Amino acid sequence: MAASRGSLDSYVVSEKKFQALSAPKGVPDYVPPRSAEFAYVRDRFVGEAARSGFQHVELPVFEDTQLFARGVGESTDVVTKEMYTFEDRGGRSLTLRPEGTAGVMRSVIANHLDRGQLPVTLCYSGPFFRYERPQAGRYRQLQQVGVEAIGIDDPILDAQVIALADRCYRSVGLNGFRLELTSLGCSECRGPYREKLQAFLFELDLDEETRRRAELNPLRVLDDKRPEVQEQLVDAPLMPDNLCPECQAHFETVTGLLDDMGVEYTLNKRLVRGLDYYTRTTFEFVHDGLGAQSGIGGGGRYDGLMKELGGQDLSGIGFGLGVDRVLLALEAEEIDLDADNVHRRVAVFGVPLGDEERRSMALIVDELRRAGISADMAYGGKGLKGAMKAADRARAAYALVLGSDELESGTVTVRDLSSREQRSVPRGELVARLSELLDR
Ligand code: HAM
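Heads up: the sequence shown is residues 1085 to 1524, going by the working numbering.
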């Protein structure tokens, strides 16, 4: 059958021609040993959030396109240039989620979580999709761990959410990052400030497109990277100098608490985020070892978002931490994850020296797994040398050697793979002895 354009047929490769396809452009695969590092970072972050009482949510990877247009902001690059939008077979416009906050708000409203105990504190992890120009640390499928605390407008929450992000990074050993902090004001003070900034910008020598941006979203002009624009912005009025008394007091409580908690930050009065929903406290974590894509996480308050999405007028604050970039930052800081046994595939590795021994070892490994001890073994006809190599590759702590002598005496030789010490252990005592040894 002739393949018609746009039909699935045009993408089907005949079996003869089939070659392993590469992943779509800008989309990383995580395979061993890197995937172990990926899972370690993600699980550490999720664990930190759980320790602060955040509850797990599992949300759709695609949503109605309207949700992001309304939630993220129609003038943002994310919405105008970067969304993966498609029509499903029922003619609905759907979009792969470019970020997590809008979806969490939708779900909180739809599931009436906002009618229960407040704040609602939720944590999520997974892939997000942005059609950006791929480069080191900038992917089209990116991975975040995020949290959102919804429904209580208390600056204590802001400081706690920021301190949580700081702890997440430190929990995997990162040190070389900075926290940049600002306040973007509220609906009261943002309007007058916007006018003030526009009046300033309209006096400058700007090209047509930048002028248009100044009309639509003047704050974003502050983020223009071109030196000829930056030169003219030296004396621009800045939001943190134009806060209303309530926002000023809110911000002072946040910074005061961060000081008392020992969370270091720098005030960046020009901080502009790529998403439009932010109000008041807004922040970014930047790692200096990463080059151009240095943002390893960011977040802030979004006090008008729930109302904008058709819910109650409740406030919220949260963050998204970039797992891909944290992995690159760990590499840049040369942090040795082996200290935490991140690459340990199993704790115990079976080394059987013959056919009968292999069968026995399968039963031992099964017994260990049932007892909660991670274990694997050498398969096929590997000799002692090959099997020991496999044990090392699995980064096991102990090898269990089973030869004809051991079979006969009903014992197993337990070899400590770091000290190379070995001891003979009766089969019946193996689980107890290994549990003891691994517990130390
Ligand atoms: P965001 O700053 O757009 O915020 O993304 C958070 C983090 O995701 C970034 O700091 C970065 O580490 C990572 N990231 C973003 N884009 C890419 C990319 N193309 N490749 C690799 N990593 C990337 C948000 O998404 C907000 N939803 C965060 C938030 C939650 N604010 C309040 N609550």
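All C-beta atoms in this analysis are idealised placements derived from N, C-alpha and C, irrespective of residue type, glycine included.
Just so we're clear, the structure is a prediction, and the values are computed from it rather than from any experiment.
Closest residue to residue i among the options (Cα-Cα distance)
{"i": "K1391", "options": "S1399, E1348 and R1385", "result": "S1399"}
{"i": "S1488", "options": "R1517, R1453 and M1445", "result": "M1445"}
{"i": "R1251", "options": "G1382, L1521, E1441 and A1133", "result": "A1133"}
{"i": "Q1228", "options": "Q1201, T1294, E1142 and F1335", "result": "E1142"}
{"i": "S1221", "options": "H1371, A1107 and L1265", "result": "For the record, residue 1221 in the displayed sequence is Gly; it is not Ser. The candidate whose alpha carbon is nearest that of G1221 is H1371."}
{"i": "P1329", "options": "R1364, G1512, Q1244 and P1211", "result": "R1364"}
{"i": "L1300", "options": "E1440, S1159, Q1314 and L1290", "result": "S1159"}
{"i": "P1218", "options": "P1311, F1286, V1515 and E1166", "result": "E1166"}
{"i": "P1116", "options": "R1442, Y1463 and V1426", "result": "V1426"}
{"i": "L1468", "options": "V1449, E1415, R1499 and A1459", "result": "R1499"}
{"i": "D1533", "options": "L1248, V1313, A1481 and Y1253", "result": "Given a span of 1085 to 1524 for the chain in the structure shown, any question on residue 1533 remains unanswerable."}
{"i": "V1125", "options": "G1210, I1448, L1411 and I1246", "result": "L1411"}
{"i": "G1260", "options": "E1415, F1335 and S1503", "result": "E1415"}
{"i": "E1451", "options": "A1516, S1106, A1413 and L1491", "result": "A1516"}
{"i": "V1231", "options": "D1238, T1205 and G1210", "result": "T1205"}
{"i": "A1478", "options": "D1422, D1161 and R1511", "result": "D1422"}
{"i": "H1140", "options": "V1188, P1112, Y1114 and L1484", "result": "V1188"}
{"i": "S1136", "options": "V1318, T1164, I1246 and D1161", "result": "I1246"}
{"i": "L1258", "options": "L1374, T1169 and N1352", "result": "L1374"}
{"i": "S1519", "options": "L1447, Q1506, R1443 and V1432", "result": "V1432"}
{"i": "G1395", "options": "K1280, I1193, Q1314 and Q1201", "result": "I1193"}
{"i": "L1355", "options": "D1344, F1367 and V1111", "result": "F1367"}
For residue j and residue i, the rounded distance between their alpha carbons
{"i": "G1465", "j": "A1475", "result": "15 Å"}
{"i": "M1085", "j": "D1397", "result": "Confidence at M1085 is low in this model, with a pLDDT of 35, below 50, so the placement of that residue should be treated as unreliable; the coordinate-derived value is given next. Approximately 57 Å, taken between the alpha carbons."}
{"i": "D1291", "j": "L1178", "result": "35 Å"}
{"i": "R1089", "j": "K1109", "result": "With a pLDDT of 47 at R1089, under the threshold of 50, the predicted position of this residue should be treated as unreliable, though the coordinate-derived value follows. Roughly 22 Å between the two C-alpha positions."}
{"i": "L1226", "j": "P1436", "result": "43 Å"}
{"i": "S1191", "j": "Y1223", "result": "26 Å"}
{"i": "G1275", "j": "P1302", "result": "11 Å"}
{"i": "S1502", "j": "S1493", "result": "26 Å"}
{"i": "L1486", "j": "R1524", "result": "24 Å"}
{"i": "E1147", "j": "A1186", "result": "10 Å"}
{"i": "E1121", "j": "E1348", "result": "27 Å"}
{"i": "L1389", "j": "S1106", "result": "39 Å"}
{"i": "G1527", "j": "Q1150", "result": "Residue 1527 cannot be examined here, being either before or after the span of the chain that is shown, 1085 to 1524."}
{"i": "G1438", "j": "R1504", "result": "22 Å"}
{"i": "G1358", "j": "R1199", "result": "30 Å"}
{"i": "T1337", "j": "G1131", "result": "27 Å"}
{"i": "R1384", "j": "H1334", "result": "Note on residue identity: the sequence assigns Gly, not Arg, to residue 1384. Rounded to whole angstroms, G1384 to H1334 spans 13 Å at the Cα level."}
{"i": "V1318", "j": "L1342", "result": "28 Å"}
{"i": "L1197", "j": "D1113", "result": "35 Å"}
{"i": "C1273", "j": "G1379", "result": "28 Å"}
{"i": "Q1201", "j": "K1309", "result": "44 Å"}
{"i": "Q1377", "j": "G1404", "result": "15 Å"}
{"i": "P1321", "j": "Q1332", "result": "16 Å"}
{"i": "L1281", "j": "L1180", "result": "34 Å"}
{"i": "F1138", "j": "T1339", "result": "23 Å"}
{"i": "G1512", "j": "K1473", "result": "27 Å"}
DSSP-derived helix/strand/coil call for residue i
{"i": "D1319", "result": "coil"}
{"i": "I1246", "result": "helix"}
{"i": "V1407", "result": "helix"}
{"i": "E1417", "result": "coil"}
{"i": "R1429", "result": "coil"}
{"i": "F1138", "result": "coil"}
{"i": "P1239", "result": "helix"}
{"i": "R1504", "result": "coil"}
{"i": "A1123", "result": "helix"}
{"i": "A1107", "result": "coil"}
{"i": "D1148", "result": "strand"}
{"i": "V1115", "result": "coil"}
Under 7 Å between C-beta atoms of residue i and residue j
{"i": "L1306", "j": "A1298", "result": "no"}
{"i": "F1369", "j": "L1265", "result": "no"}
{"i": "E1171", "j": "F1212", "result": "no"}
{"i": "G1346", "j": "G1381", "result": "no"}
{"i": "I1234", "j": "P1203", "result": "yes"}
{"i": "S1458", "j": "V1496", "result": "no"}
{"i": "M1323", "j": "L1268", "result": "yes"}
{"i": "V1256", "j": "R1453", "result": "no"}
{"i": "A1462", "j": "A1471", "result": "yes"}
{"i": "L1491", "j": "G1434", "result": "no"}
{"i": "V1145", "j": "F1152", "result": "no"}
{"i": "Y1277", "j": "N1326", "result": "yes"}
{"i": "G1155", "j": "L1521", "result": "no"}
Cβ-heavy atom distance, residue i to the ligand GDP, below 6 Å
{"i": "G1230", "result": "With respect to small molecules bound, the structure shown includes the ligand HAM and not the ligand GDP."}
Test: residue i CB closer than 7 Å to a CB of chain B
{"i": "E1183", "result": "Of the protein chains in the structure, only one exists, and it is not chain B."}
- 4 or more residues per run - each alpha helix (DSSP H) lying fully within the region 1293 to 1348: The region 1293 to 1348 contains these whole alpha helix (DSSP H) runs: 1302 to 1305, 1311 to 1316 and 1329 to 1345.
Unbroken alpha helix (DSSP H) runs of length 4 or more, entirely within the region 1153 to 1231: which are they?
For the region 1153 to 1231, whole alpha helix (DSSP H) runs of length 4 or above, ordered along the chain, are 1161 to 1165 and 1185 to 1194.
Check your understanding: What are the start and end residues of each continuous alpha helix (DSSP H) run of 4 or more residues lying completely inside the region 1338 to 1400, in chain order?
Key -> Within the region 1338 to 1400, the complete alpha helix (DSSP H) runs of at least 4 residues are 1389 to 1392.
inquiry  = List, from N- to C-terminal side, the beta strand (DSSP E) runs of 3 residues or more that fit wholly inside the region 1439 to 1492.
reply    = Unbroken beta strand (DSSP E) stretches of 3 residues or longer found wholly inside the region 1439 to 1492: 1459 to 1461 and 1482 to 1486, given in chain order.
- Task: List in chain order: all unbroken alpha helix (DSSP H) runs of 4+ residues lying wholly within the region 1264 to 1297.
- Result: Counting whole runs of 4 or more residues, the region 1264 to 1297 contains the alpha helix (DSSP H) stretches 1271 to 1286.
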